[in-house]
Amino acid sequence: METETLALAQEIDFSMWALFARATLTVKLVMLALMIASIWSWGIIIDKLIAYRAARREAARFDQAFWSGEPLDELYETLGPEPKGRAERIFAAGMTEWRRSHREDGALIANAQSRIDRSMDVAIQKEAEALQKGLPVLATVGSTAPFVGLFGTVFGIMNAFIEIAQQQNTSLVVVAPGIAEALLATGLGLMAAIPAVIFYNKLSADSDRILNGYEAFADEFSTILSRQLDS
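In our numbering, the protein residues as written are 3 to 233.
Structure below.
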């Protein structure tokens, strides 16, 4: 009898697609939600890795141009008031306000320094929002996906017990498919959550480093302008 049960169990298809196809509607919905969350997370991860690498390259390139000795007015004219680079936009925001702070006779309007600083702060905030867009999704997936998978697991195990009660049979052939479906839901939850948590931490740290660089540049640029204001 045991040999026959094992033979029947070996004939059951335990591939991921077969487990998904046999699952109840609730468990299927849970699995689909977790797969969509995983794909969405990887899309954000890849997009941010590319964007952060480009931001670091652009910041290094602009930093070299800024400290090359070229007059700031000429650099501003080269870049224009709305440049494409993130660091360039922060510089342009400060220079635009600097120029607006001059009256027609060449004298500076009062409180020019504070307005320049605020302009650059606003520009940095806009870049921060763009850089960190999508990271809350990773945090949400990382924190909720295991529980969503557990929800599917509970339903899968419950269905396995219902199958046992209906067939009045506790053999491996009856129990194994339901348990396998339940564990698949747990596995999908972890598959979505683990990369989301790892890359959320990495990307958050990368974003903070990039933004710290922007803030350091804004402070240095503000110091340069303040010297001209005091001279």
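Cβ atoms here follow ideal geometry from the backbone N, Cα and C, with glycine treated the same way.
Through-space distance from residue j to residue i, alpha-carbon basis
| i | j | result |
| --- | --- | --- |
| residue 85 | residue 92 | 9 Å |
| residue 48 | residue 213 | 20 Å |
| residue 34 | residue 59 | 38 Å |
| residue 235 | residue 68 | Because the chain is modelled from 3 through 233, residue 235 falls outside the range shown and cannot be assessed. |
| residue 222 | residue 123 | 13 Å |
| residue 156 | residue 190 | 14 Å |
| residue 256 | residue 94 | With the chain covering only 3 through 233, there is no way to say anything about residue 256. |
| residue 71 | residue 205 | 33 Å |
| residue 39 | residue 127 | 28 Å |
| residue 225 | residue 207 | 27 Å |
| residue 253 | residue 201 | No answer is possible for residue 253: the residues shown for the chain start at 3 and end at 233. |
| residue 76 | residue 131 | 29 Å |
| residue 199 | residue 66 | 35 Å |
| residue 148 | residue 83 | 47 Å |
| residue 160 | residue 138 | 33 Å |
| residue 24 | residue 41 | 23 Å |
| residue 203 | residue 103 | 41 Å |
| residue 78 | residue 230 | 17 Å |
Local Cβ density within 10 Å of residue i, reported as buried at 16 or more and exposed below that
| i | result |
| --- | --- |
| residue 31 | exposed |
| residue 125 | buried |
| residue 27 | exposed |
| residue 88 | buried |
| residue 210 | exposed |
| residue 80 | exposed |
| residue 129 | buried |
| residue 158 | buried |
| residue 118 | buried |
| residue 62 | exposed |
| residue 220 | buried |
Under 8 Å between C-beta atoms of residue i and residue j
| i | j | result |
| --- | --- | --- |
| residue 151 | residue 188 | yes |
| residue 37 | residue 74 | no |
| residue 162 | residue 43 | no |
| residue 46 | residue 192 | no |
| residue 218 | residue 133 | no |
| residue 215 | residue 29 | no |
| residue 99 | residue 64 | no |
query: So does the region 182–194 actually touch the region 53–67, counting three or more Cβ pairs closer than 8 Å?
result: no
message: I'd like to know if the region 140–151 and the region 110–118 are in contact, where contact means that at least 3 CB-CB pairs between them fall below 8 Å.
response: no
- request: May I have a chain-ordered list of the alpha helix (DSSP H) segments no shorter than 4 residues that lie completely inside the region 53–122?
  value: 74–81, 88–102
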